[in-house]
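Protein chains: 2
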Amino acid sequence: VRLGGEVVDLRALHEAGALAGLNVPPRALFGARLDGVLALEPAAWEALRARLADLLADGGARVPTGARHRIRAVTLELPFTVADYVDFYASERHAAALGRILRPGGDPLPPNWRHMPLAYHGRSGTVRVTGTPVRRPRGQLPRPDGPVFGPTERLDIEVELGAVIGGPPSDGPLAPADAGERVFGYVLVNDWSARDIQRWEYQPLGPFLGKSFLTSISAWVVPAAALAPHMVPAPAQDPVPLPHLREADRRVPDIALEVELAPAGAPPATIARTNARHLYWTAGQMLAHLTSNGATLAPGDLCASGTISGPGDGEGGSLVELTLDGTRPLRLPDGSQRAFLQDGDTVTIRGVAGEGAAAVHLGEVAGTVVPAG
Amino acid sequence: VRLGGEVVDLRALHEAGALAGLNVPPRALFGARLDGVLALEPAAWEALRARLADLLADGGARVPTGARHRIRAVTLELPFTVADYVDFYASERHAAALGRILRPGGDPLPPNWRHMPLAYHGRSGTVRVTGTPVRRPRGQLPRPDGPVFGPTERLDIEVELGAVIGGPPSDGPLAPADAGERVFGYVLVNDWSARDIQRWEYQPLGPFLGKSFLTSISAWVVPAAALAPHMVPAPAQDPVPLPHLREADRRVPDIALEVELAPAGAPPATIARTNARHLYWTAGQMLAHLTSNGATLAPGDLCASGTISGPGDGEGGSLVELTLDGTRPLRLPDGSQRAFLQDGDTVTIRGVAGEGAAAVHLGEVAGTVVPAG
Chain A
1 VRLGGEVVDL RALHEAGALA GLNVPPRALF GARLDGVLAL EPAAWEALRA RLADLLADGG
61 ARVPTGARHR IRAVTLELPF TVADYVDFYA SERHAAALGR ILRPGGDPLP PNWRHMPLAY
121 HGRSGTVRVT GTPVRRPRGQ LPRPDGPVFG PTERLDIEVE LGAVIGGPPS DGPLAPADAG
181 ERVFGYVLVN DWSARDIQRW EYQPLGPFLG KSFLTSISAW VVPAAALAPH MVPAPAQDPV
241 PLPHLREADR RVPDIALEVE LAPAGAPPAT IARTNARHLY WTAGQMLAHL TSNGATLAPG
301 DLCASGTISG PGDGEGGSLV ELTLDGTRPL RLPDGSQRAF LQDGDTVTIR GVAGEGAAAV
361 HLGEVAGTVV PAG
Chain B
1 VRLGGEVVDL RALHEAGALA GLNVPPRALF GARLDGVLAL EPAAWEALRA RLADLLADGG
61 ARVPTGARHR IRAVTLELPF TVADYVDFYA SERHAAALGR ILRPGGDPLP PNWRHMPLAY
121 HGRSGTVRVT GTPVRRPRGQ LPRPDGPVFG PTERLDIEVE LGAVIGGPPS DGPLAPADAG
181 ERVFGYVLVN DWSARDIQRW EYQPLGPFLG KSFLTSISAW VVPAAALAPH MVPAPAQDPV
241 PLPHLREADR RVPDIALEVE LAPAGAPPAT IARTNARHLY WTAGQMLAHL TSNGATLAPG
301 DLCASGTISG PGDGEGGSLV ELTLDGTRPL RLPDGSQRAF LQDGDTVTIR GVAGEGAAAV
361 HLGEVAGTVV PAG
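Line by line, the protein sequences give chains A and B.
Numbering follows this note's numbering, with no gaps: position 40 of the first sequence is 40.
Numbering follows this note's numbering, with no gaps: position 211 of the second sequence is 211.
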């Protein structure tokens, strides 16, 4: 558990007797990952969280010294074992922006977009923790005379929020309100994308190698309960969705998201600001859709929102949007331009809900591009 | 390990000392699933297989009685924990048949199809063992006035062969010949599909809920080594693929596949016969493609071929092909007709390589359709 600039070791808390009386098997707390906690019932998460909130209050004065470590002294690892990774497409601005680029002159949104939270399965085996180098992928790049194989020339980011699922596996379809309660917490996600590979491969089966080389997530899962005070009404929906996707009180998290790009050896520049409150579909609706055919929702599932874009200039959650498919490169403070990422670039996404002392920080997800191997 | 109509317990073999001297940690043999074996190096699989072949020869006369169980006395479970599940689209006849149905008048094959083995990620959490009931999924069904939500009216099968990956996780792109050596063995796959849900949802992100309700696999993983004598030259490729997908000796398994459909209370009828030798892309090419962007191949990954269809009548690996999208229903011996599956129908897929005493049986994958919940 993170406590400001420190890390508190749950095993040491347990051994000091500070977690006594909770209905949580100690083994759930001892793993290198949160898997044991995610497998517990939501009531157990809540009990654990309440105890930790109590222990960690007042700057952690009640935490035994031996259970505290400076964050710089620990190596951050993947916080949980990813079961299935599903990537949604829940931001209207993003879907419409891509539609205008990919299908100029047509309706920017696909005909099914307002009826269901579209999604596809990503590669769970290449979800990695923040800081993992971003090896520029090779792939088939479209050319007038046919494809060639080489390093992507259109390496991009996607700013997303990921819902981390906990609790026993679901059995049958879930209503949005019930499905939302399966969300243990949230991580920041950067779903690195190779736009040229993606464009050539994605018809008719959807994105595959343009995405599967790497998906980065932040090292800390922020409990959904911590974000509860920061849930705000979701955008209105027209048409009203089918009954199984209707939710009485649709809310989305008010998380301000900021994207920094730092060329090698140069200071970082903020290239985008957006907010998770722009998501058209709520987490409950996305998960209700996912389970509507009877598919099981299991602990460790990662359900990402898809790229989160806002309505204004500089609010795109990907370079393909910010640069209009590379036609209007960004100008960086060091004088360089970026249509897509160059080797040596570091991208950092940060998220925060609220302000001041009550702010809930989602940490960061960062990665530096290294040349194709 | 299966021995005719019996099952041999590896743990009992170990305890009887019959596996002594192998460089295989006993713990790898003791799990309820093959996960421990899949994590070993290929040399260890080979050593284990050689020892078992020796022990099980002559009808198993050298197998201690306590290590043998009649197959009817055991419950078959999922043979391995599925890591990532990737479904390819490697049968030319199938891709072209679907193209003619979905894009009438156009080129039946997508423009990228002959350049790469197309694929998408499926839901690993809903891969189940043969015999699991097939609950008819609900979903959004397209109607002229907009979608409605209800049980699928176009429940279908997909006859596939699944490559089960073993060995340490890969690090970087693999050449086809090296990638092919990562295949520990094969299972039969029925990738149940709801064609109406699929058709409405699949643009632009690919299949999702039309597939994710259930994928069934056979209970036994047949080692690739056992199929080695049954590998035959793969269909010629035009154009020659890009260098990273070229393979000197392209081979596919000569596995005869048979599909039976039995209405509730009626005897089964064979509705299709096809063969895995029709696959246009080899397993090595598929896995080379999958890793070409640097994606890791990990033990427990399931890489299915996609529907396997042959060139003749009655050789389609799905009902949508066999019935021309439902327009030419099959006539069954009990007098009924089938455009798509009805509740109570049992579908069984069997596979066998070779004939007579030397035949290698892949067992079966079966499921009975039960009404929507």
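By construction, the Cβ of each residue, glycine as well, lies at the ideal position given by its N, Cα and C atoms.
Nothing here was measured: the structure is a model prediction, and the numbers come from that model.
- Message: I believe T81 of chain A touches L214 of chain A by the beta-carbon criterion, under 8 Å. Please report the beta-carbon distance rounded to the nearest angstrom.
- Response: Reading the first sequence from its first residue, position 81 is the one you call residue 81 of chain A. Reading the first sequence from its first residue, position 214 is the one you call residue 214 of chain A. In fact, because the Cβ distance is near 17 Å, the residues do not count as touching under 8 Å.
- Item | Contact set between I197 of chain B and chain A, taken where Cβ atoms lie within less than 8 Å | Reading the second sequence from its first residue, position 197 is the one you call residue 197 of chain B. Under the 8 Å cutoff, chain A gives N293.
- Per DSSP, which residues does I165 of chain A bridge with? Please list them. The residue given as residue 165 of chain A occupies position 165 in the first sequence. In DSSP, I165 of chain A forms a bridge with A:V183.
- Within chain B, partners of A119 of chain A - CB distance below 7 Å: Here residue 119 of chain A is taken as the residue at index 119 of the first sequence, counted from 1. Per Cβ cutoff of 7 Å: L205 and F208.
- Message: Need the endpoints of the alpha helix (DSSP H) that H94 of chain A sits in, please.
- Response: Start at 1 with the first residue of the first sequence, and residue 94 of chain A comes out as number 94. Its alpha helix (DSSP H) spans residues E92 to L102.
- Simplified DSSP state of M116 of chain B, which is helix, strand or coil: On the second sequence, residue 116 of chain B is found 116 positions in, with the first residue counted as 1. If DSSP states are grouped into helix, strand and coil, M116 of chain B belongs with coil.
- From T152 of chain B to F88 of chain A, what distance separates their C-alpha atoms? For the purposes of this step, residue 152 of chain B is taken as the residue at position 152 of the second sequence. For the purposes of this step, residue 88 of chain A is taken as the residue at position 88 of the first sequence. Their Cα atoms are separated by approximately 23 Å.
- Return the chain-ordered list of same chain residues with a C-beta closer than 6 Å to the C-beta of L56 of chain B, the five sequence neighbours on each side being excluded. Reading the second sequence from its first residue, position 56 is the one you call residue 56 of chain B. Contacts found: L3.
- With DSSP run on the structure shown, which of helix, strand or coil describes E321 of chain B? As a first step, residue 321 of chain B is located in the second sequence; it is residue number 321 there, counting from the start. Of the three classes helix, strand and coil, the one that applies to E321 of chain B here is helix, per DSSP.
- Task: Could you please give the first and the last residue of the uninterrupted beta strand (DSSP E) stretch that includes T346 of chain B?
- Result: Here residue 346 of chain B is taken as the residue at index 346 of the second sequence, counted from 1. Segment T346 to A353, the beta strand (DSSP E) holding T346 of chain B.
- Beta-carbon separation of E247 of chain A and T270 of chain A under 8 Å? Here residue 247 of chain A refers to the residue found at position 247 of the first sequence. Here residue 270 of chain A refers to the residue found at position 270 of the first sequence. No, they are not a contact pair.
- Message: Helix, strand or coil, according to DSSP, for G434 of chain B in the structure here?
- Response: The shown model of chain B, from 1 to 373, leaves out residue 434 of chain B, and the question about it has no answer.
- Message: Quick check: the Cα distance between T274 of chain B and A234 of chain B, rounded to an integer number of angstroms?
- Response: Numbered from 1 along the second sequence, position 274 holds the residue referred to as residue 274 of chain B. Numbered from 1 along the second sequence, position 234 holds the residue referred to as residue 234 of chain B. Those two C-alpha atoms are separated by around 15 Å.
- Item | Counted within 10 angstroms of its Cβ, other Cβ atoms place R93 of chain B as buried (16 or more) or exposed | Here residue 93 of chain B is taken as the residue at index 93 of the second sequence, counted from 1. Answer is buried; the Cβ neighbour count reaches 16.
- Starting from D58 of chain B, trace the alpha helix (DSSP H) both ways and give me its first and last residue. Taking the second sequence and counting its residues from 1, the one referred to as residue 58 of chain B is at position 58. Looking at the DSSP string, the run of the alpha helix (DSSP H) that includes D58 of chain B is P42 to G60.
- Query: Do you know how far the Cα of M231 of chain B is from the Cα of P253 of chain A?
  - Reply: Residue 253 of chain A sits at position 253 when you count from the first residue of the first sequence. Residue 231 of chain B sits at position 231 when you count from the first residue of the second sequence. Straight-line Cα distance between these residues: approximately 55 Å.
- Item | Pair within 8 Å by beta-carbon distance, P108 of chain A and A96 of chain A | Locating residue 108 of chain A in the first sequence gives position 108, where the first residue counts as 1. Locating residue 96 of chain A in the first sequence gives position 96, where the first residue counts as 1. Yes, the Cβ-Cβ distance between P108 of chain A and A96 of chain A is below 8 Å.
- Note down, in chain order, every chain A residue with its Cβ under 7 Å from the Cβ of N112 of chain B. Mapped onto the second sequence, residue 112 of chain B falls at position 112. Here the neighbours are W200 and E201.
- Query: In the region 184-241 of chain A, which residue ranges form an unbroken beta strand (DSSP E) of at least 3 residues, counting only runs that do not cross its ends?
  - Reply: You should have 215-217 and 231-233.
- Is the number of C-beta pairs between the region 341-355 of chain B and the region 281-301 of chain B that are closer than 8 Å three or more? No, the region 341-355 of chain B is not in contact with the region 281-301 of chain B.
- Message: Which residue wins for smallest C-alpha separation from R123 of chain A, given the options B:A359, B:A358 and B:T296?
- Response: Here the question's residue 123 of chain A lines up with position 123 in the first sequence. Ranking B:A359, B:A358 and B:T296 by Cα distance to R123 of chain A puts B:T296 first.
- Message: Using DSSP's beta-bridge definition, name the partner residues of Q337 of chain A.
- Response: In the first sequence, counting from the first residue as 1, residue 337 of chain A sits at position 337. Residue pairing for Q337 of chain A: DSSP places it in a beta bridge opposite A:R331.
- Item | Distance between A67 of chain B and E6 of chain B (C-alpha atoms, nearest Å) | The residue labelled residue 6 of chain B in the question sits at position 6 within the second sequence. The residue labelled residue 67 of chain B in the question sits at position 67 within the second sequence. Distance between the alpha carbons of E6 of chain B and A67 of chain B is about 10 Å.
- Item | For T274 of chain A, the first and last residue of its enclosing beta strand (DSSP E) | Position 274 of the first sequence holds residue 274 of chain A. For T274 of chain A, the enclosing beta strand (DSSP E) covers residues A269 to N275.
- Query: In terms of alpha-carbon separation, which member of B:D178, B:R199 and B:D9 lies closest to L52 of chain B?
  - Reply: The residue given as residue 52 of chain B occupies position 52 in the second sequence. Taking only the C-alpha atoms, the option nearest L52 of chain B is B:D9.
- Expressed to the nearest angstrom, what Euclidean distance is found between the alpha-carbon atoms of L102 of chain A and L324 of chain A? The sequence position of residue 102 of chain A within the first sequence is 102, counting from 1. The sequence position of residue 324 of chain A within the first sequence is 324, counting from 1. Looking at the two C-alpha atoms, the distance is approximately 11 Å.
- Neighbour list for Y280 of chain A in chain B, Cβ cutoff strictly below 7 Å: Residue numbering aside, residue 280 of chain A sits at position 280 when the first sequence is read from its first letter. By Cβ distance, chain B contributes nothing, its closest Cβ being about 15 Å from Y280 of chain A, past 7 Å.
- What is the residue span of the alpha helix (DSSP H) that L287 of chain B lies within? Along the second sequence, read from residue 1 onward, the residue named residue 287 of chain B stands at position 287. A283 to T291 is the span of the alpha helix (DSSP H), which, as asked, contains L287 of chain B.
- Item | One or two residues paired with H69 of chain A in a DSSP bridge | Here residue 69 of chain A corresponds to residue number 69 of the first sequence, with the count starting at 1. Bridge pairing for H69 of chain A: A:V7 [DSSP].
- Query: Going straight from the alpha carbon of A18 of chain B to that of A28 of chain B, what length do you get?
  - Reply: By 1-based counting over the second sequence, the position of residue 18 of chain B is 18. By 1-based counting over the second sequence, the position of residue 28 of chain B is 28. If I take the Cα positions, the gap works out to 15 Å.
- Task: Say whether the region 132-145 of chain A touches the region 134-148 of chain B, bearing in mind that this needs 3 or more beta-carbon pairs closer than 8 Å, one atom from each stretch.
- Result: With a cut-off of 8 Å, the region 134-148 of chain B and the region 132-145 of chain A do not count as touching, because too few Cβ pairs lie within range.
- Look at the alpha carbon of S318 of chain B and the alpha carbon of K211 of chain A, and state the distance between them as a whole number of angstroms. As a first step, residue 318 of chain B must be located in the second sequence, where it is residue number 318. As a first step, residue 211 of chain A must be located in the first sequence, where it is residue number 211. The straight-line gap from Cα to Cα measures roughly 29 Å.
- Query: R123 of chain A touches chain B at which residues, Cβ-Cβ below 7 Å?
  - Reply: One-based indexing of the first sequence puts residue 123 of chain A at position 123. The contacting residues are D84, H121 and A295.
- Identity of the residue in A:D249, A:G31, A:D191 and A:A272 nearest G162 of chain A by Cα: Here the question's residue 162 of chain A lines up with position 162 in the first sequence. Residue A:D191 is the option with its Cα nearest to G162 of chain A.
- Where does E160 of chain A land, buried or exposed, given buried means 16+ other C-beta within 10 angstroms? For the purposes of this step, residue 160 of chain A is taken as residue 160 along the first sequence, with counting starting at 1. Burial call: buried.
- Can you grab the Cα-Cα spacing for the pair A219 of chain A / E364 of chain A, in whole Å? Here residue 219 of chain A corresponds to residue number 219 of the first sequence, with the count starting at 1. Here residue 364 of chain A corresponds to residue number 364 of the first sequence, with the count starting at 1. Each residue's alpha carbon lies about 8 Å from the other.
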